[in-house]
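Asks:
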Amino acid sequence: MDRRNALKNIGKGLGTITITPTILNLLQSCQNSTAWNTVFFNREQFLVVSKLMEIIIPETEIPGAISLKLPEFLDSYIKNVINKEKRKKNIKDGLNKFIDLVKSEIKK
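Heads up, the numbering used here is the position in the sequence shown plus 154, with the first residue counted as 1.
#1: Between Arg241 and Ile232, which are expected to be in contact by the criterion C-beta below 8 Å, what is the C-beta distance as a whole number of angstroms?
#2: Let me know if Ser204 comes out buried or exposed under the rule of 16 or more other beta-carbons within 10 Å of its beta-carbon.
#3: What does a CB cutoff of less than 8 Å around Ser221 pick up in its chain, not counting 5 residues either side in sequence?
#4: For Leu206, report the span of its alpha helix (DSSP H) as first-last.
#5: Please classify Lys240: does DSSP put it in a helix, a strand, or coil?
#6: Taking DSSP as the reference, what is the three-state secondary structure of Ser221?
#7: By DSSP, does Asn191 sit in helix, in strand, or in coil?
The structure is reproduced here in structure tokens:
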């Protein structure tokens, strides 16, 4: 066996073991809450993300994004996993630009 591949696989395994408890805690906290207090998004952003997720994964004979509490999971995941610079630069700024674009199109 190639030593580089073995070390790469060991690294991936350790990363998975480390990340798994964090993600399980996030999922559990999303399931326990009845009224979600956002931790990363502001209220408007959270509502936009929720609506977009419901469009992408609608409620049919299987649960949709809202029923599965995917917006809550995403809110916690971004806050707890993604580093601070990327959160602001890539996610919040991009989402705010999207919201502004949609608002400007609605006013036309």
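Backbone N, C-alpha and C fix where the C-beta goes; we use that ideal spot for every residue, glycine too.
In this text, all values refer to a predicted model and were calculated from it rather than measured experimentally.
Replies: Inspection of the coordinates gives the following:
#1: Reading the sequence shown from its first residue, position 87 is the one you call residue 241. Reading the sequence shown from its first residue, position 78 is the one you call residue 232. Rounded, the Cβ-Cβ distance is 6 Å, consistent with contact.
#2: One-based indexing of the sequence shown puts residue 204 at position 50. Result: buried.
#3: As a position in the sequence shown, residue 221 is number 67, starting the count at 1. So the list reads Glu213, once near-sequence residues are dropped.
#4: Within the sequence shown, residue 206 is the residue found at index 52, counting from 1. That run of the alpha helix (DSSP H) goes Arg197 to Ile210.
#5: Within the sequence shown, residue 240 is the residue found at index 86, counting from 1. Helix.
#6: Here residue 221 corresponds to residue number 67 of the sequence shown, with the count starting at 1. Ser221 falls in the coil class under three-state DSSP.
#7: The sequence position of residue 191 within the sequence shown is 37, counting from 1. Correct three-state label for Asn191: coil.
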